[in-house]
Every structure is written in structure tokens, then in C-alpha cells.
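Those protein sequence lines, which keep their order, are chains A and B.
Heads up: the first sequence begins at 66 in my numbering, then just goes up one per residue.
Heads up: the second sequence begins at 164 in my numbering, then just goes up one per residue.
Beta carbons are placed, not taken as given, at the ideal position from N, Cα and C, and that holds for glycine.
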Amino acid sequence: MGKIKIGSLALGVFTAIGGFVDMGNLVTASQAGAQYRFALLWTVVVGTLGVIVYADLAGRVAIASGRSLFDIIRERLGVRLALIPLAGNLLINVLTLVIEIAGMALVLQIVTGLTYLVWYPVAALLVVVVLWFGSFKFIENAAALLGLAIVVFIVAAFKLATPWDQVARQAVLPLIPPDQGHGQALAAYGFSAIALLGALIAPYEVAFYSSGAIEERWGGTDIITNRVTAIVGIGFGALITVAMIVVAAQTFYAHGVQSQTFVGIRLPLVYTLGKVGLGAFLIGAFATTAGAALETALATAYSLCQFFGWDWGQDHNPQHAPTFTLWYLLAILAAVIIAITGIDPVRLTIYTTALGAFALPFTFAPLLIIANDSRYMGDQRNGRLANIAGVFFLVVLTIITVITIPLFIMSGGGGG
Amino acid sequence: MGRTLTVLLTVALLALWITSIAHNQPAVGSDEQTVLHQLTTVAGPPSTVTPTPLPSSPTATRSAG
Chain A
66 MGKIKIGSLA
76 LGVFTAIGGF
86 VDMGNLVTAS
96 QAGAQYRFAL
106 LWTVVVGTLG
116 VIVYADLAGR
126 VAIASGRSLF
136 DIIRERLGVR
146 LALIPLAGNL
156 LINVLTLVIE
166 IAGMALVLQI
176 VTGLTYLVWY
186 PVAALLVVVV
196 LWFGSFKFIE
206 NAAALLGLAI
216 VVFIVAAFKL
226 ATPWDQVARQ
236 AVLPLIPPDQ
246 GHGQALAAYG
256 FSAIALLGAL
266 IAPYEVAFYS
276 SGAIEERWGG
286 TDIITNRVTA
296 IVGIGFGALI
306 TVAMIVVAAQ
316 TFYAHGVQSQ
326 TFVGIRLPLV
336 YTLGKVGLGA
346 FLIGAFATTA
356 GAALETALAT
366 AYSLCQFFGW
376 DWGQDHNPQH
386 APTFTLWYLL
396 AILAAVIIAI
406 TGIDPVRLTI
416 YTTALGAFAL
426 PFTFAPLLII
436 ANDSRYMGDQ
446 RNGRLANIAG
456 VFFLVVLTII
466 TVITIPLFIM
476 SGGGGG
Chain B
164 MGRTLTVLLT
174 VALLALWITS
184 IAHNQPAVGS
194 DEQTVLHQLT
204 TVAGPPSTVT
214 PTPLPSSPTA
224 TRSAG
């Protein structure tokens, strides 16, 4: 492996860490720690292993076939059947875009004291400007590297005298708290687990990752880069999510205080690290939500253009890929219209991530079918281990799909 | 016709935006100040935090954002 490869590998890992965290992680992890202490940490382990398996798979499909995800899904499943994952992805992507831009605007609310609704169109315009003028590399790297400031949660977790033995135990043992073990409380616990899982495995991440492999012209020699980026980058990103849960547990839960607002997420950091904690949170939260907004807008345009065979690619001039540009502009406009109704961004985040978890099998099942088709994969076809892992997580996700709506109803709209 | 519709839609969106802003003013940090006050005065310095069971009805603060 040459010097340049090591550099791009390191960059890939760093961007995966910064790019893994978004509005969904910030909200669901903070609420999980505040409400259930460490009792939902096992969800992070399950979700992280699942996203590693499917990110590696999506990258490998792109490398082996040289073709985009929705192009192959349409060809392999036929237009009618392939419309199901496409429609699901588009709906969740637009909702995700609403909450990620809201995350940017909420950070501006903390800084200025003006309601996030004033800042929402400004944040949306910033996303448009970066997409219009920025290259794929710039978008992928700049926001994700700035987003590394969010590691402040790890620093805070160590400063809070965390009982790491209990953290480790509850990360591998799904123990339901005794007072949450029945009725509506159990349903709310289950729904929170699904929302956290949906935040960890957001559909746009897989579509963006796969399209990114083609944008960057990954070839056969990048199989290792793909795997290391998926495992190390996403793994470290998951550690940040664990730290978010721990920090909320050691502050909000420990003292019986709950703050169900986005701006409240910063308070444990202010309490633990003072102004440095606040500054790192503001930079990290703005950069990660901005990065996710950019990726989601692109993932929406990627999916549509790949499905219908239109020209796509962020490195194309907007004049050379007008349809691609039009779709991400329309997605952002739709997000603005939904947001300015004044819908609660925190509740919408929880519903969107749960809906994302609900819809995941509709994208992952075709991906697994394609990964086993030697016409597309050649000698990169799924091996036995990859199939066992892929099927295991598909079964877990299908169970989640079946129980999400009943849990939502039983918990009285998600609890909280 | 198309131009009139665009103008009407733009005006409707602006009206919706202004109405939402009027109904979503941040609570001048009062909820957050209460939470921070509870953490700093009740809990003491961060390194001395020891978890206690969550009361059955925790102090909850909620507002948009």
C-alpha cells in the first residue's frame, strides 16, 4: 500500500467518523441516556455491526459492478418492484433533510437567541450554495472533518466518573430496566430502541456511500480501503454515540432531570467542560448536521437519477447535470416547506429515524440479492460469512419493521 | 396564470413562515437555565457524579427545539 493510499485511507476513516454522527444520533442517543441510562447501549452495538456489514456490501457492489445502487436494483428487481425501495428512500430522505437542516438552524438559535425558524431558510440556502459550488471531495471531507469536534462527548464521558464496567456489560446484554418491563413503558422502551437503531443505520448513508465509491472511481484495489473505512470509521463513530448516551446518563438520568429539546443536549457538556465544551458542541453539531444535510440532498438526487438513468454526479457542473441539480434543489425546497409549518424538530427526528428503521429491509434485501449475483459481482460475490451476517441483520430489521407500528401505537405515539 | 400562482404560493409560504416564527419563540433559555442550575447546584462538580435511580416523574422541560 503506497503513501497516497494510506493518506486516502486515513481521510476515509476520519470522514466516516465525522459523517456517521447526525441529528438523529444527537437526539436519540441523548434521550436514550437521559431516559434509560445505559439500558439501550446494546442497540448501538447491534446497529453499528449492521451498518458496517451493509456499508461494506454497498461499497463492494459499487466496486465490483462499477454501477450505481438504484441502477442495479431497478434492473435486478424490475421497475415496479424497485419502486418500493425508491419511494421509501425518497420519503425518508426528505424527512431526514428537514431534521438535518433544523439541526443547523438550532445551533444558530443557540448562538443568536433567535428562533431556529428564522435561521431555517438561511441554513437551507447555505446547503444549496455548497452543493452548487462544492466538489464531491470538498463536501465529503470539509463537513466531516469539522464534525470531529463532536468527539467532545468522549472527553466529557471520561470526566464524568463513568462506571465503564457497567457500560461494557450493558453494551452486550440487552437488559430491560425493571420499571420499564411491561405495558406502555415497555413499548416506549422498544420504540426508543428502534429510533436509535434507525439513527445509526440511516438509509441515506448507504446510498451516499455507494454513490461516493463511483464518484471517486474506486476500483478492485479499493476493496481493502472500503472494508477498513467501514469498520474503523463507523466503529469510531459508534463510540461517539456511546459517549453521547453515557454523558446524558451521567447527568440527566443521574439527577432525574430531562431536557427534551435539542438545545438541551449541550447542557451536560457545558456542565462538564464549560465554554470549551459548548464551543466544541456548536462546531461539531453544526458541521455534522450540515454534512448530513448535504449527503441527504445528494442521496435523494443520486437515487432518482440512478433509477431513471439520468446524468448524475456532484462533480458535474450544474449545467451538465441539470436534472440531478433540479432534484436536490426540489428536495431542499420540500424540506423548507415542511419545516416552516413549525413542526417540532425533535419529535420529527424520533419519528423519522424510527420510520427509517422500518423501511430498511426494503433497501437491504435487494442489496443482499445483488451481492449474491455473480453477473454483477464476479469474484467479489458474497462469501458465506458475509451472507450469514447479512441475513442475520436482515432478519433483525424485518422483525423491527413488523413491530414498529404496534409499538408506536402501544407507547402512545413513541412515549417520551 | 403561472406567474400569479407562483406569487400566491410565495406569499402563502411567507405568511406561514412568519406565523410559525411568532408561535415558536425560544423561551429565553429559562428551561435550559433551570436544567443547568439543577445540574450544577444539586449534582456538584462533574467528577463526583454518582448515579441515582430516576424518580417516577422526572423534571421535564419541553419546548420546540
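_Taking CB distances under 8 Å as the criterion, tell me whether residue 320 of chain A reaches chain B._
For residue 320 of chain A, the nearest beta carbon of chain B is closer than 8 Å to its own beta carbon.
Item to complete: For the segment 448-466 of chain A, enumerate the residues whose C-beta is nearer than 7 Å to any C-beta of chain B, in chain order.
Response: Here the close residues number zero.
Please name the residue in A:148, A:282, A:124 and A:330 whose C-alpha comes closest to that of residue 433 of chain A. The shortest Cα separation from residue 433 of chain A among A:148, A:282, A:124 and A:330 belongs to A:124.
Problem - Residue range of the alpha helix (DSSP H) that includes residue 183 of chain B - result: In the DSSP assignment, residue 183 of chain B falls within the unbroken alpha helix (DSSP H) covering 165-186.
Helix, strand or coil: which one does DSSP assign to residue 217 of chain B?
-> The pLDDT assigned to residue 217 of chain B is 43, lower than 50, so where the model puts this residue is not dependable; a value taken from the coordinates is nonetheless given after this. It is coil, neither helix nor strand.
Could you give the residue range of the beta strand (DSSP E) that holds residue 324 of chain A? If you look at residue 324 of chain A, you'll find it in the beta strand (DSSP E) that goes 322-324.
When the cut-off is 8 Å and only beta carbons count, does residue 417 of chain A lie next to chain B? Chain B, which has no Cβ nearer than 8 Å to the Cβ of residue 417 of chain A, makes this no.
message: In whole angstroms, give me the CA-to-CA distance for residue 394 of chain A and residue 403 of chain A.
response: Rounded to the nearest whole angstrom, the CA to CA distance from residue 394 of chain A to residue 403 of chain A is 14 Å.
* Asked: With a cut-off of 8 Å, does the C-beta of residue 324 of chain A fall near any C-beta of chain B?
  -> At a cut-off of 8 Å between beta carbons, residue 324 of chain A contacts chain B.
Review point. Smallest Cα separation from residue 286 of chain A: which of A:476, A:131, A:470 and A:396?
Key: For residue 286 of chain A, the nearest C-alpha among the options comes from A:131.
Problem set entry | Alpha carbon of residue 487 of chain A to alpha carbon of residue 120 of chain A, nearest angstrom | Summary: the structure shown does not reach residue 487 of chain A, with chain A confined to residues 66 through 481, and so no result is reported for it.
Suppose contacts are defined by Cβ-Cβ distances below 8 Å. Is residue 396 of chain A in contact with residue 162 of chain A by that definition? Yes. Within cutoff.
Report yes or no: is there a C-beta of chain B within less than 8 Å of the C-beta of residue 245 of chain A?
No - not a single Cβ of chain B is within 8 Å of the one on residue 245 of chain A.
Looking at chain C, is there any beta carbon in it that lies within less than 8 Å of the beta carbon of residue 183 of chain A? In summary, chain C is missing from the structure at hand, where the protein chains are A and B.
Using a Cβ-Cβ cut-off of 8 Å, state whether residue 186 of chain B counts as contacting chain A. Chain A, which has a Cβ nearer than 8 Å to the Cβ of residue 186 of chain B, makes this yes.
Task: As assigned by DSSP and simplified to three states, the class of residue 287 of chain A - done: In the three-state reduction of the DSSP assignment, residue 287 of chain A falls in the helix class, which pools H, G and I.
- Task: Work out the CA separation of residue 366 of chain A and residue 443 of chain A for me, nearest whole Å.
- Result: When rounded, the distance between both Cα atoms is 28 Å.
Going by CA-CA distance only, name the one from A:304, A:171, A:405 and A:460 that's closest to residue 86 of chain A.
Distance from the Cα of residue 86 of chain A is smallest, within the candidate group A:304, A:171, A:405 and A:460, for A:304.
request  = Compute the distance between the beta-carbons of residue 323 of chain A and residue 94 of chain A, then report whether it is under 8 Å.
outcome  = No, Cβ-Cβ distance for residue 323 of chain A and residue 94 of chain A is not below 8 Å.
- Item | Spatially closest choice to residue 474 of chain A from A:419, A:122, A:455 and A:456, by CA coordinates | Check the Cα spacing between residue 474 of chain A and each of A:419, A:122, A:455 and A:456: the tightest is with A:419.
* To do: Give the single residue among A:302, A:384 and A:378 whose Cα lies nearest to the Cα of residue 209 of chain A.
  => Comparing Cα-Cα distances from residue 209 of chain A to each of A:302, A:384 and A:378, the minimum goes to A:302.
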